Every structure is written in structure tokens, then in C-alpha cells.
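Numbered according to the working numbering, the sequence shown spans residues 36 to 144. Right, one structure below, let's go through it.
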Amino acid sequence: MTEHEALILPIAHSLGEDLLKQVAFVGGATVSLHLDDAQPIDISSTKDVDFIVSVSSYYGYQQLSEELGRRGFKLSIPEKGDEAPMCRFECAGILVDVMPDKEDILGFS
Numbered sequence: 036m037t038e039h040e041a042l043i044l045p046i047a048h049s050l051g052e053d054l055l056k057q058v059a060f061v062g063g064a065t066v067s068l069h070l071d072d073a074q075p076i077d078i079s080s081t082k083d084v085d086f087i088v089s090v091s092s093y094y095g096y097q098q099l100s101e102e103l104g105r106r107g108f109k110l111s112i113p114e115k116g117d118e119a120p121m122c123r124f125e126c127a128g129i130l131v132d133v134m135p136d137k138e139d140i141l142g143f144s
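Spelled out as C-alpha cells, the structure:
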């Protein structure tokens with residue numbers, strides 16, 4: 036199992052089959068999933084998992100956040116002096132950025 040798979044698999048398991056069908060994993064943790072063993076490339080380490088999800092409004096994002104909470108995801112509150120996106124959660128000790136696919140929902144994409 037690759038370092039990236041070790042990050043993504045626990046998150047996928049926590050999402051459950053129903054939510055897993057609604058998200059797309061993106062970002063650094065997905066890089067090694069697209070490569071075969073024959074490709075010599077230095078893959079940088081990442082410390083979080085990113086996924087996008089389609090929600091139609093801020094209210095929809097809040098409902099998703101509540102459902103994620105029931106599945107073991109907790110909003111990640113940064114330490115004093117640290118910065119973190121407002122979409123950051125923690126699950127199974129892994130940082131997870133849950134990004135809506137529409138820029139206006141949280142003010143970024």
C-alpha cells in the first residue's frame with residue numbers, strides 16, 4: 036500500500052458507500068493512484084486528503100458537514116498561529132479538506 040492509499044482508504048471507508056459515490060478525490064493524495072509501478076517519479080508527500088462534492092447551497096454544505104460528523108469527521112480547528120481552510124475536517128487522524136464544487140458556497144473553489 037502506498038503512502039497516499041494509506042491516507043485515502045480510511046477516509047473512503049468512513050464516508051461509506053453512499054457518500055463515496057458523491058465525492059471526487061483530488062489533490063496530492065491521488066497522484067500515485069494514476070501511476071503504475073514502472074513510472075520512475077518522485078511523488079511528494081502530502082499530509083491531507085482533498086475531495087470535492089456537489090452541493091447546491093451553503094445550507095446543503097452544512098447538511099453534508101453534519102452527516103460527516105455522524106461518520107466520524109470533526110471540524111479541524113487550527114492551533115493558534117496556524118492557518119487552515121474553513122473546509123478542513125479531521126477523520127481517523129487524517130486532515131481532510133471537503134470542498135464544494137461551486138465557488139460561491141464557501142467563497143473559494
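Heads up, the beta-carbon is just placed ideally off N, CA and C, and yes, glycines get one too. The model shown is predicted, which means the values in this text are computed figures rather than measured ones.
- Residue pairing of D132 in beta bridges, as defined by DSSP: D85 and R123.
- P113 sits away from D132, with the two beta carbons spaced by 7 Å or more.
- For A59, the enclosing beta strand (DSSP E) begins and ends at V58 to V61.
- Beyond the five residues adjoining it in sequence on each side, A127 comes within less than 8 Å, by CB distance, of P45, I46, S49 and G107 in the same chain, given in chain order.
- Counting along the chain, G104 sits inside the alpha helix (DSSP H) bounded by residues Y93 to R105.
- One thing to note: L103 has its Cβ no nearer than 7 Å to the Cβ of V90.
- Annotation: P113 is outside any alpha helix (DSSP H) and is labelled neither H nor E by DSSP.
- For D117, the three-state secondary structure derived from DSSP is coil.
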